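So for the sequence shown, the numbering used here puts the first residue at 731; every next one is plus one.
Even for Gly, the Cβ is constructed at its ideal location relative to N, Cα and C.
Nothing here was measured: the structure is a model prediction, and the numbers come from that model.
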Amino acid sequence: MTVSSLTVYITRPAAPLCERVCAFLDQRGYPYTTIDVASDQDREAMRQRTGYSSCPLVIAGDHVIGKLKETIEADRSGRLTDLLTPVRPHTAQEGAVMPDHNPTPKLVTDHPEQIRGYDYGTDRAPTSPLTLEDLEQLKQVVWLTEEDEAALRDAAEILADQADDMVSAYRARLGELPWMAPYSNHPDGTPNPEYGAASKPRFDRWIIDACTRSLDQDWLNYQHEIGLRHTSAKKTETDNADSLDHIPMRYLLAFTAVVITTARDYLAAKGASAEQVDRMHSAFTKSVMLHVTVWTRAYVDHASW
Ligand code: HEM
């Protein structure tokens, strides 16, 4: 039996945990009504109906979901959508549906040095034409502060396990645009799963690196390599792939909007407060802009850059 909305028992004035449960349901787009538990009588009525007397408590009809942690789990497992019809958690971009959760492979999270073609910190990565001074100045221009760096470390904890989902969502979006498909597929646009599978662990790893890596010479070198791998200098080379060999810079830049805006739902997926999500999202935005800006050096000469 399904219900049209959830019920959340909350205390008045709302305690922080009550607010977080409601913020989570808001972010995920679930309809709900609240019941204020203001008096002992209210608490007794709640206990009789649910068997519980402490707030917050989320229920769906006769089913007790639980507190924040259980609600997040029920969202993840699909139980909430099963109990609620017809409803679907919202996504940041209308039309860009979040895929089912696939944990990021251990190869990516724990053994990145074993990823094929992942040359970070090795002498296979080229020497970047940029200097550490260029990097420092850019860092100041995107206004990446120490607080941002701390927020990025928090973001890494939340995003690491979702990196694979994020990259799947980017690819799903690119696949919806017929003129974009030949850059990831065969040149005629037909699927090229081998290329996708070979390049995916490196892309997944980038999400973690973007939140955790020090901005040093190794960083500069590998970012230049990523830039080159989007251009005719090196695209398709690492995976020996049959695909178009250059991604126009305009698409690289324009797609940054998708990478940035869609990150918000993933940052919010583990129950962080709205304020903390804001902080992490802002820091992630700056990090992505810094990366993509550095990648553009592979497209243009020193004078234009
Ligand atoms: C902000 C936008 C983008 C980001 C953050 C991004 C990120 C990345 C990363 C991290 C990699 C792996 C690099 C490596 O370590 O080897 C990669 C590779 C790749 N990206 Fe992007 N990318 C972006 C835009 C695009 C666009 C618009 C396309 C167009 C379809 C695209 C297609 C590819 C392909 C085909 C590869 C494999 C390149 C190769 O042959 O080595 N990317 N991207």
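(message) Mapping the DSSP letters down to three states, classify T764 as helix, strand or coil.
(response) strand
(request) Measure the alpha-carbon distance for V738 versus I990 and round it to whole angstroms. (result) 31 Å
(message) Alpha carbons only, please: which of Q947, A885, G847 is nearest the one belonging to E866?
(response) Q947
(request) Report yes if the C-beta distance between L736 and V788 is below 8 Å; otherwise report no. (result) yes
(request) Taking the CB atoms as reference points, tell me whether A940 and V1018 lie closer together than 8 Å. (result) yes
(request) Can you give me the Cβ contacts of E824 inside the same chain, cut-off strictly under 7 Å, excluding the 5 residues immediately before and after it? (result) Low local confidence applies: a pLDDT of 47 at E824 is under 50, so the model's placement there is unreliable, and no value is given.
(request) Quick one: grab the DSSP three-state call for Y739. (result) strand
(request) Output the boundary residues of the beta strand (DSSP E) element that contains I795. (result) 793-796
(message) Which same chain residues end up closer than 8 Å to A1002 when comparing Cβ atoms and leaving out the 5 residues on each side of it in sequence?
(response) D884, I888, M1010
(request) Could you pull the start and end residues of the alpha helix (DSSP H) that L787 belongs to? (result) Taken as a continuous stretch (DSSP letters only), L787 belongs to no alpha helix (DSSP H), being part of the beta strand (DSSP E) at 787-790.
(message) I'd like the span of the alpha helix (DSSP H) that includes T857, first residue to last.
(response) No alpha helix (DSSP H) holds T857; DSSP gives it neither H nor E.
(message) Can you look up L882 in the DSSP assignment and give me helix, strand or coil?
(response) helix
(message) What I want to know is whether the C-beta of Y1029 ends up closer than 7 Å to one or more non-hydrogen atoms of ligand 1.
(response) no
(message) Under 8 Å, Cβ to Cβ, is there at least one residue of chain B near P921?
(response) Among the chains of the structure shown, chain B does not appear; only one protein chain is present.
(message) Assuming the contact rule is C-beta atoms closer than 8 Å, Q953 and S858 should be a hit. Round their C-beta distance to whole Å, please.
(response) 7 Å
(request) List the endpoints of the continuous alpha helix (DSSP H) containing G919. (result) That residue, G919, is in no alpha helix (DSSP H); it is neither H nor E in DSSP.
(request) Evaluate contact between the region 981-996 and the region 840-855, counting only Cβ atoms and requiring at least three cross-stretch pairs below 8 Å. (result) no
(request) Quick one: measure Cβ to Cβ for I977 and K964, integer angstroms, because I've assumed they're closer than 8 Å. (result) Contact doesn't hold; Cβ gap of about 11 Å is too wide.
(message) Rounding to the nearest angstrom, what Cα-Cα distance links G759 and V1024 in this structure?
(response) 36 Å
(request) Please classify V871: is it buried, with 16 or more other beta-carbons within 10 angstroms of its beta-carbon, or exposed? (result) exposed
(request) Pick helix, strand or coil for L814, following the three-state DSSP scheme. (result) strand
(message) Buried or exposed for V1022, going by 16 or more other Cβ atoms inside 10 Å?
(response) buried
(request) Using only the heavy atoms of ligand 1, determine whether one of them is closer than 7 Å to the beta carbon of S914. (result) yes
(request) Flag D969 as yes when its Cβ comes closer than 7 Å to any non-hydrogen atom of ligand 1, and as no otherwise. (result) yes
(message) Considering only the alpha carbon of each residue, which of I765, C752, Y913, R959 lies closest to L798?
(response) C752
(message) For A899, report the span of its alpha helix (DSSP H) as first-last.
(response) 893-905
(request) Run the CB neighbour count on W725, radius 10 Å, all protein chains shown included, and call it buried at 16 or more, exposed below. (result) It is not possible to answer for residue 725, since the shown part of the chain is limited to 731 through 1035.
(message) Relative to the C-alpha of E955, which candidate in D918, A893, A1004, G847 has its C-alpha closest?
(response) G847
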